[in-house]
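Following: one structure in structure tokens, then a few remarks.
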Amino acid sequence: MSLCKDRVAIVTGAGRGVGRAYALMLARHGAKVLVNDLGSASDGMGADQAPAQQVADEIRAMGGEAVADTTDVADWEGAERMIRAAVDAFGRLDVLINNAGILRDRMLVNMTEDEWDTIIRVHLKGTFAPTHHAANYWRLQHKTGNPVDARVINTTSHSALFANIGQANYAAAKAGIATFSLVAARELQRYGVTVNALAPRANTRLTEGLREWTPEEEERRRPEWIAALVTWLASPESRNVSGRVFEAWGGGYTVAESWQHGPIAPASKDPAELGPRISGIVKHARSNAGIDRDVWLDP
Ligand SMILES: NC(=O)c1ccc[n+]([C@@H]2O[C@H](COP(=O)([O-])OP(=O)(O)OC[C@H]3O[C@@H](n4cnc5c(N)ncnc54)[C@H](O)[C@@H]3O)[C@@H](O)[C@H]2O)c1
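Residue numbers (this note's numbering): 2 to 300.
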């Protein structure tokens with residue numbers, strides 16, 4: 002079954018890891034794919050044309066349609082050129098998957114300005130810039146009367162949703178992406194665009210050496226489990242799902258339920274009155290969800 006027949010998709014950071022799996026599965030389901038990848042090291046240093054080219058070649062070798070692109074997704078004009086390149090190559094754009102990413106982990110007391118700025122740039126601006134230019138393309142299509150049934154799929158992280166230590170820069174960027182996705186979903190609905198985000202869990206070079214995995218965990222951490230959800234979200238079947246953040250891996254898919262209004266105390270202009278009131282609402286509020294508990298469905 003071809004879930005994405007003739008849809009045109011951009012996958013950023015698709016030369017390796019989960020992005021590569023997305024590009025291959027989308028192509029298997031009939032999508033034409035712009036395979037973007039700067040080809041940098043996992044800390045964002047350097048560039049290499051080979052990863053994007055290899056995945057585009059792989060797609061063409063299996064009879065699909067693909068073009069390679071080595072744009073830095075956080076480059077404003079580059080992101081605009083990338084959107085145009087997909088439209089020039091395939092005549093339209095239906096799906097943007099913002100997946101490119103890097104890591105520069107450090108406890109915040111030791112974190113340098115450059116480690117902060119680089120992570121915020123690649124993830125947060127690297128999601129905003131392509132989304133901005135794609136959204137302008139879809140708005141124009143909508144205004145000129147061409148039907149739009151488009152998707153933006155962003156990448157957040159458990160580190161952000163559940164506050165992993167040692168990743169203040171990355172968690173701040175990925176939490177920003179989660180909320181950006183909810184805002185974008187509300188803004189772009191009027192043009193026929195859905196926006197969702199997902200927090201993947203997979204064994205890639207970014208998670209190398211995290212710890213030892215059992216064979217069962219290894220299997221659950223294969224990128225294909227996430228690629229299946231991404232392919233479905235990219236398809237016309239998902240048109241009624243927008244403004245959601247998913248957790249995705251072989252253990253199952255969950256909807257991460259966002260910030261909720263908790264217990265409420267009466268306000269006061271006198272801080273001396275607040276002790277018992279604030280202690281009371283904190284006592285009755287649910288704890289923040291923790292990163293330490295794996296949620297999975299037993300087979
Ligand atoms: N693997 C996991 O368990 C996991 C968990 C949470 C979030 N993520 C996120 O998933 C995404 C994919 O990660 P992965 O694990 O597949 O890593 P990966 O390193 O295997 O792949 C990321 C790709 O992005 C490319 N890239 C980096 N900066 C770029 C830029 N500025 N422009 C274009 N391409 C760029 C890299 O060259 C690389 O090929 C990232 O956003 C990552 O933060 C992964």
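From the three backbone atoms N, C-alpha and C, an ideal C-beta is built for every residue, glycine too.
In this text, all values refer to a predicted model and were calculated from it rather than measured experimentally.
- Contacts around residue 232, its chain only, beta-carbon distance under 7 Å, and the 5 residues preceding and following it disregarded: Here residue 232 is taken as the residue at index 231 of the sequence shown, counted from 1. Taken in chain order, the residues that qualify are 4, 5, 26, 27, 30.
- Query: To the nearest angstrom, how far is it from the Cα of residue 101 to the Cα of residue 45?
  - Reply: Along the sequence shown, read from residue 1 onward, the residue named residue 101 stands at position 100. Along the sequence shown, read from residue 1 onward, the residue named residue 45 stands at position 44. Answer to the nearest angstrom: the Cα atoms are 10 Å apart.
- Message: Could you check if residue 37 belongs to the surroundings of ligand 1, using beta carbon to heavy atom distance under 7 Å?
- Response: In the sequence shown, residue 37 corresponds to position 36, counting from 1. For residue 37, the CB falls within less than 7 Å of some heavy atom of ligand 1.
- Cβ of residue 167 within 7 Å of any heavy atom in ligand 1? In the sequence shown, counting from the first residue as 1, residue 167 sits at position 166. For residue 167, the CB stays at least 7 Å from every heavy atom of ligand 1.
- Inter-stretch contact at 8 Å, needing at least 3 Cβ pairs: the stretch 213-224 / the stretch 119-138: A contact between stretches requires three or more CB pairs, one per stretch, nearer than 8 Å, and the stretch 213-224 fails this requirement with the stretch 119-138.
- Reduced DSSP category for residue 149 - H, G, I as helix; E, B as strand; rest coil: Position 148 of the sequence shown holds residue 149. Here residue 149 sits in coil by DSSP.
- Quick one: does the C-beta of residue 205 sit closer than 7 Å to a heavy atom of ligand 1? In the sequence shown, counting from the first residue as 1, residue 205 sits at position 204. Yes; taking the cut-off as 7 Å, the Cβ of residue 205 has a heavy atom of ligand 1 nearer than that.
- Message: Could you compute how far the alpha carbon of residue 200 sits from the alpha carbon of residue 87?
- Response: Indexing the sequence shown from 1 puts residue 200 at position 199. Indexing the sequence shown from 1 puts residue 87 at position 86. For residue 200 and residue 87, the distance between alpha carbons rounds to 26 Å.
- Could you name the residues that DSSP lists as bridge partners for residue 255? Residue mapping note: residue 255 aligns to position 254 of the sequence shown, counting from 1. Under DSSP, residue 255 shares a beta bridge with 248.
- Item | Any alpha helix (DSSP H) of 4 or more consecutive residues that is wholly inside the stretch 112-156 | Qualifying alpha helix (DSSP H) stretches, in chain order: 114-120, 127-144.
- Query: residue 33 bridges to which residues according to DSSP?
  - Reply: Residue numbering aside, residue 33 sits at position 32 when the sequence shown is read from its first letter. The bridge partners DSSP lists for residue 33 are 9.
- Message: Using only CA atoms, which one of 51, 64, 68, 48 lies nearest to residue 57?
- Response: As a first step, residue 57 must be located in the sequence shown, where it is residue number 56. If we check each option's Cα against that of residue 57, 68 comes out closest.
- Query: Could you give the distance in angstroms between the alpha-carbon of residue 280 and the alpha-carbon of residue 209?
  - Reply: Start at 1 with the first residue of the sequence shown, and residue 280 comes out as number 279. Start at 1 with the first residue of the sequence shown, and residue 209 comes out as number 208. If I take the Cα positions, the gap works out to 42 Å.
- Report buried or exposed for residue 275, applying the criterion of at least 16 other Cβ atoms within 10 angstroms of its Cβ. Your numbering for residue 275 matches position 274 in the sequence shown. Around the CB of residue 275, fewer than 16 other CB atoms lie within 10 Å, so the residue is classed as exposed.
- Message: So, does the stretch 246-258 touch the stretch 220-237, judging by three or more C-beta pairs under 8 Å?
- Response: Three or more Cβ pairs drawn from the stretch 246-258 and the stretch 220-237 lie within less than 8 Å of each other, which places the two stretches in contact.
- Query: Taking 7 Å as the cut-off, is the CB of residue 229 close to at least one heavy atom of ligand 1?
  - Reply: Position 228 of the sequence shown, counted from the first residue, corresponds to residue 229. Outside the cutoff, so no.
- Task: Report the residue from 37, 152, 118, 269 whose alpha carbon sits nearest the alpha carbon of residue 194.
- Result: Locating residue 194 in the sequence shown gives position 193, where the first residue counts as 1. Considering only 37, 152, 118, 269, the residue with the shortest C-alpha distance to residue 194 is 152.
- Query: Does DSSP put residue 173 in a helix, a strand or coil?
  - Reply: Position 172 of the sequence shown, counted from the first residue, corresponds to residue 173. Helix, per DSSP.
- Item | DSSP-derived helix/strand/coil call for residue 265 | Sequence index remark: in the sequence shown, residue 265 carries index 264 (1-based). Residue state for residue 265 is assigned as coil, using DSSP reduced to three classes.
- Item | Reference residue 204; option with closest CA among 167, 74, 218, 137 | In the sequence shown, residue 204 corresponds to position 203, counting from 1. Of the listed residues, the one whose Cα sits closest to residue 204 is 218.
- Message: At the level of alpha carbons, what is the spacing between residue 270 and residue 259?
- Response: Here residue 270 refers to the residue found at position 269 when the sequence shown is read from its first residue. Here residue 259 refers to the residue found at position 258 when the sequence shown is read from its first residue. Their backbone Cα atoms lie some 30 Å apart in a straight line.
- Query: Which one or two residues does DSSP pair with residue 69 in a beta bridge?
  - Reply: For the purposes of this step, residue 69 is taken as residue 68 along the sequence shown, with counting starting at 1. Paired residues: 36.
- Message: As a quick exercise: from 106, 80, 230, pick the residue whose alpha carbon is nearest that of residue 133.
- Response: As a working note, residue 133 is residue 132 in the sequence shown. The candidate whose alpha carbon is nearest that of residue 133 is 80.
- Query: Looking only at C-alpha atoms, which of 128, 135, 175, 163 sits nearest to residue 10?
  - Reply: As a first step, residue 10 must be located in the sequence shown, where it is residue number 9. Checking every option, the nearest Cα to that of residue 10 belongs to 135.
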